Each structure stands twice: as C-alpha cells, then as structure tokens.
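S.K.: In the working numbering, the protein residues as written are -11 to 339. For each residue, glycine too, the CB sits at the ideal point set by N, CA and C. In this text, all values refer to a predicted model and were calculated from it rather than measured experimentally.
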C-alpha cells in the first residue's frame, strides 16, 4: 500500500496569486495592442500625403478664391484705368518703392493680427475682417456694376454728316454758335461777309444772319478776326473795326482804322490812323469803349459815343504780355465782364 502511494503523483494546485495574474496579463496585452494601433494611426497621420488629403478641400477652396480674385481684378481693371484710380498713379505699381511699402504694410498688418490673437481680442479680429470684406465688396461690386451697366469701350470717332461751307471759320459762340467769314469783291472793292450759324444751321446750311462790311483800303491778304461779347460780336479786318448785334447781325457801329491824305498832286491816299500807327488786327467792344490791338501787340482804348456814330477818342495804350501774339492769330477772344476779357492765342492765354 505504501509503495503504491509513493508511485502516484500529487495533484497540482494553483494559488490565488497565480489566478489573479492571468487577467492582468490579458489586459496588458490588450493595452499594448491598442497602443500599437494608436502609434500606427499617429504615424499614418504624420504622413505628408495623408495630411495633404485632409487639407485638400481647404487648399482647393483657397486656390479657387485666389483664381477668382485674379480673374475679377483683370475684368474690372479697365474701370480703374479709365478713371485713373490707381493707388500710386499710372506707373506706381511698377515702382520698387511702392511695392516695398505694400510689403511693409502687409507685415505690419500681420503683426497686428497676431498681437490681437495673443491678447484674446477675437471680437476686434471678427469686426475687422467684416470691415475688410466690406471694403473689398465696395471695390469690386461698384466697378462690376459700371462694367455691366455702362459700355466703357470708346466709340470710334466718325463724322455723322459733312457740310461744305464757302468760307473760313472765325470763332465759336458757345457750343452752338459759329462765325464764318468770306472775302468778297475784287481789287479796290474788297469786302467781308460774316455769316452766323446757330444750332443745326451749319449742317442744314441755314444761317441765322449774314453781315457785310467793306474792307478797302485793306487788301485781300489782311486777316479778319472776331471777338465774342455780351450780346455783340466785334470784327477787325485791318482797315476797319465794327461790332454787330449777335441776335440779328445788324451793324451797331463801325470805325475806320485809317485816314485819307492828299498829296501835292491832289491825289488821295490812305494812311494808318495816327493814334494807332498800324493796321487794326483785333478788337472788342465793352463798357462804352472799343479796344483795338495793333500790329505791335499794343492794345489801345478808344471811347465811343452812341450819339456820334463812327467817332472814337483815344484814352490809353497798354502793352500786351510778351509771348501773347494776339496780333498774329487767336484761338478765342471773349469779353467775360465789363472789366475782364479772355484772349487765347495758340501759345498763351490771358484774362
């Protein structure tokens, strides 16, 4: 019995400590697997391609925004070009100093935004962005509205109608009045016909009135010039100055710039008026006086009298500014007030 008992193996028993360690090891193993999975996920997230795929929507949105902004800027640029509304002038955008200024201002703006974010001023950033968006909308929607509603392309210049007139243009009276002169007569009988066209009268060859005046003893080589006054037009053709009613063309008064002399043989000949000494090149009437410009570019004032037609008495003489060659040619002469006259020559204009 004893030997039989010695040959049998005693039963193996597990302690409470070993029994409790088994679930713990299982939990540790499970935690290790989860940690490895997390590490793998983190490694996958750290992959550049994965990060780009996650941000692809935002990146594409920003790219589309920039493309749309550039296309919009190119579309509305003609509006700014025509209006001359460039920030730094027509050539400012290509000058380094202005480009550097823009870059510095961008840095300052970025630093200001970062400072606001650091000090938790989110509300300033929010309303600031709203203000920037409002400016951007104004700078884009206003030109867009003009581009869509107004044709900014200039129409090519073309004459609608053409009308040949027998004469030379002397002056304009505002936008709708035109004075045309025509030389008439022949040697010894030269004269001037002045025709006034108003509104569409020139295109329809329908003059408002025509005024005729003698030119003799001046010849066909002398120029005739006109000046615009308050209700009157004044003309000078070298030998005569006269002014007419602008509404009817009726001659109000006429004055000779010459006088007749008799030589020893009893022949009459003409000379320049002694008070002037040259031909009358330009004249204008205002404030009961006739102002005459001679060939030396001097201006003479002659008092006139309603009760004595044709009579003028010299009062004063002045020298016109050097360079104002009103005696040679004028573009426009107009009496602006009783004490003001504008004289515009090809190279200078004075009042």
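#1: How many Å lie between residue 229 and residue 273 at the Cα?
#2: State whether the stretch 255 to 268 contacts the stretch 278 to 294, with contact taken as three or more CB pairs (one from each stretch) at a distance under 8 Å.
#3: Quick one: what does DSSP say residue 235 is sitting in, helix, strand or coil?
#4: Please report the distance separating the alpha-carbon of residue 305 from that of residue 288.
#5: Find out if the Cβ-Cβ distance for the pair residue 186, residue 154 is shorter than 7 Å.
#6: Taking contact to mean at least 3 C-beta pairs separated by less than 8 Å, is the stretch 58 to 66 in contact with the stretch 124 to 132?
#7: In this structure, does DSSP put residue 331 in helix, strand or coil?
#8: Less than 7 Å separating the beta-carbons of residue 333 and residue 312?
#9: Just curious, the alpha helix (DSSP H) that residue 98 is in, first and last residue?
#10: Relative to the C-alpha of residue 200, which residue among 91, 190, 210, 180 is closest?
#11: Would a C-beta distance cut-off of 7 Å place residue 223 and residue 214 closer than the cut-off?
#12: Within 10 Å of its beta-carbon, does residue 52 have 16 or more other beta-carbons around it, so buried, or fewer, so exposed?
#13: In angstroms, rounded to a whole number, what distance separates the CA positions of residue 114 and residue 96?
#14: Give the single residue among 21, 69, 192, 202 whose Cα lies nearest to the Cα of residue 245.
#15: Count the other CB atoms within 10 Å of the CB of residue 150; is the residue buried (16 or more) or exposed (fewer)?
#16: Could you please give the first and the last residue of the uninterrupted beta strand (DSSP E) stretch that includes residue 212?
#17: Which value, in whole angstroms, describes the spacing of the CA atoms of residue 159 and residue 166?
#18: Quick one: Cα of residue 144 to Cα of residue 242, how far?
#19: As a quick exercise: from 169, 54, 233, pick the residue whose alpha carbon is nearest that of residue 221.
#20: Taking Cβ to Cβ, would you say residue 343 is nearer than 7 Å to residue 175?
#21: When the Cα atoms are used, what is the spatial distance from residue 111 to residue 45?
#22: Who pairs with residue 300 in a beta bridge, going by DSSP?
#23: Out of 259, 183, 323, state which residue places its alpha-carbon closest to the alpha-carbon of residue 236.
#24: Please classify residue 269 as buried or exposed, where buried requires at least 16 other C-beta atoms within 10 Å of its C-beta.
#25: Given this structure, state the Cα-to-Cα distance separating residue 325 from residue 210, to the nearest angstrom.
#26: In three-state DSSP terms, what is residue 52?
#27: Can you tell me where the beta strand (DSSP E) with residue 249 in it begins and where it stops?
#28: Can you tell me which of 317, 120, 54, 310 puts its alpha carbon nearest to the alpha carbon of residue 225?
#29: Quick check: the Cα distance between residue 197 and residue 251, rounded to an integer number of angstroms?
#30: Could you tell me the distance, in whole angstroms, from the CA atom of residue 212 to the CA atom of residue 322?
#31: Work out the CA separation of residue 116 and residue 104 for me, nearest whole Å.
#32: May I ask you to check if the CB of residue 130 is nearer than 6 Å to at least one heavy atom of the ligand MN?
#33: For residue 4, does the three-state DSSP call read helix, strand or coil?
#34: Report the option in 92, 240, 26, 25 whose CA atom is closest to the CA atom of residue 298.
#35: To the nearest angstrom, how far is the alpha carbon of residue 172 from that of residue 291?
M.R.: According to the data block:
#1: Here residue 229 refers to the residue found at position 241 when the chain shown is read from its first residue. Here residue 273 refers to the residue found at position 285 when the chain shown is read from its first residue. C-alpha separation (whole angstroms): 10 Å.
#2: Result yes; three or more Cβ-Cβ pairs closer than 8 Å.
#3: What you label residue 235 is simply residue 247 of the chain shown in a count that begins at 1. Correct three-state label for residue 235: coil.
#4: Counting from one through the chain shown, the residue named residue 305 turns up at place 317. Counting from one through the chain shown, the residue named residue 288 turns up at place 300. In a straight line, the C-alpha of residue 305 is about 4 Å away from that of residue 288.
#5: Position 198 of the chain shown, counting from 1, holds the residue named residue 186. Position 166 of the chain shown, counting from 1, holds the residue named residue 154. It is not a contact, given that the beta carbons lie outside the stated cut-off.
#6: The stretch 58 to 66 vs the stretch 124 to 132: in contact.
#7: In the chain shown, counting from the first residue as 1, residue 331 sits at position 343. Strand, per DSSP.
#8: Position 345 of the chain shown, counting from 1, holds the residue named residue 333. Position 324 of the chain shown, counting from 1, holds the residue named residue 312. Taking 7 Å as the cut-off, the Cβ atoms of residue 333 and residue 312 count as close.
#9: On the chain shown, residue 98 is found 110 positions in, with the first residue counted as 1. Residues 84 to 106.
#10: Residue mapping note: residue 200 aligns to position 212 of the chain shown, counting from 1. For residue 200, the nearest C-alpha among the options comes from 180.
#11: One-based indexing of the chain shown puts residue 223 at position 235. One-based indexing of the chain shown puts residue 214 at position 226. Yes, they are a contact pair.
#12: Within the chain shown, numbered from 1, the residue matching residue 52 stands at position 64. Burial call: exposed.
#13: Working through the chain shown from its first residue, we reach residue 114 at position 126. Working through the chain shown from its first residue, we reach residue 96 at position 108. Their Cα atoms are separated by approximately 18 Å.
#14: Along the chain shown, read from residue 1 onward, the residue named residue 245 stands at position 257. Among 21, 69, 192, 202, the Cα nearest to that of residue 245 belongs to 202.
#15: Looking up residue 150 in the chain shown gives position 162. Its Cβ having fewer than 16 others within 10 Å, residue 150 is exposed.
#16: As a working mapping, residue 212 is identified with position 224 in the chain shown. That residue, residue 212, is in no beta strand (DSSP E); it is neither H nor E in DSSP.
#17: Along the chain shown, read from residue 1 onward, the residue named residue 159 stands at position 171. Along the chain shown, read from residue 1 onward, the residue named residue 166 stands at position 178. Rounded to the nearest angstrom, the two C-alpha atoms are 6 Å apart.
#18: Counting from 1 along the chain shown, the entry for residue 144 is found at position 156. Counting from 1 along the chain shown, the entry for residue 242 is found at position 254. Answer to the nearest angstrom: the Cα atoms are 46 Å apart.
#19: Position 233 of the chain shown, counted from the start, is the residue given in the question as residue 221. Per the C-alpha coordinates, the member of 169, 54, 233 positioned closest to residue 221 is 233.
#20: With the chain represented from -11 up to 339, any question about residue 343 goes unanswered, as that position is not in the structure.
#21: Walking along the chain shown from the start, residue 111 turns up at place 123. Walking along the chain shown from the start, residue 45 turns up at place 57. CA-to-CA, the gap between residue 111 and residue 45 works out to about 27 Å.
#22: Locating residue 300 in the chain shown gives position 312, counting from the first residue. Residue 300 pairs with 292.
#23: Mapped onto the chain shown, residue 236 falls at position 248. For residue 236, the nearest C-alpha among the options comes from 183.
#24: By one-based count along the chain shown, residue 269 stands at place 281. With at least 16 other beta carbons inside 10 angstroms of its own, residue 269 counts as buried.
#25: Within the chain shown, residue 325 is the residue found at index 337, counting from 1. Within the chain shown, residue 210 is the residue found at index 222, counting from 1. Roughly 29 Å separates the two Cα atoms.
#26: The residue you call residue 52 lines up with position 64 of the chain shown. Helix at residue 52.
#27: Counting from 1 along the chain shown, the entry for residue 249 is found at position 261. For residue 249, the enclosing beta strand (DSSP E) starts and ends at 246 to 250.
#28: Looking up residue 225 in the chain shown gives position 237. Of 317, 120, 54, 310, the residue nearest in Cα terms is 317.
#29: In the chain shown, counting from the first residue as 1, residue 197 sits at position 209. In the chain shown, counting from the first residue as 1, residue 251 sits at position 263. Roughly 41 Å separates the two Cα atoms.
#30: The residue labelled residue 212 in the question sits at position 224 within the chain shown. The residue labelled residue 322 in the question sits at position 334 within the chain shown. Roughly 16 Å separates the two Cα atoms.
#31: The residue you call residue 104 lines up with position 116 of the chain shown. The residue you call residue 116 lines up with position 128 of the chain shown. In a straight line, the C-alpha of residue 104 is about 11 Å away from that of residue 116.
#32: Of the ligands one can find in the structure shown there are none, so the ligand MN has no counterpart to examine.
#33: The residue labelled residue 4 in the question sits at position 16 within the chain shown. Any answer about residue 4 is weak, because its pLDDT of 48 lies below 50 and its placement is not dependable; what the coordinates show is given next. In this structure, residue 4 counts as helix in the three-state DSSP scheme.
#34: In the chain shown, residue 298 corresponds to position 310, counting from 1. From the listed residues 92, 240, 26, 25, the smallest Cα separation to residue 298 is found for 240.
#35: Position 184 of the chain shown, counted from the first residue, corresponds to residue 172. Position 303 of the chain shown, counted from the first residue, corresponds to residue 291. Distance between the alpha carbons of residue 172 and residue 291 is about 30 Å.
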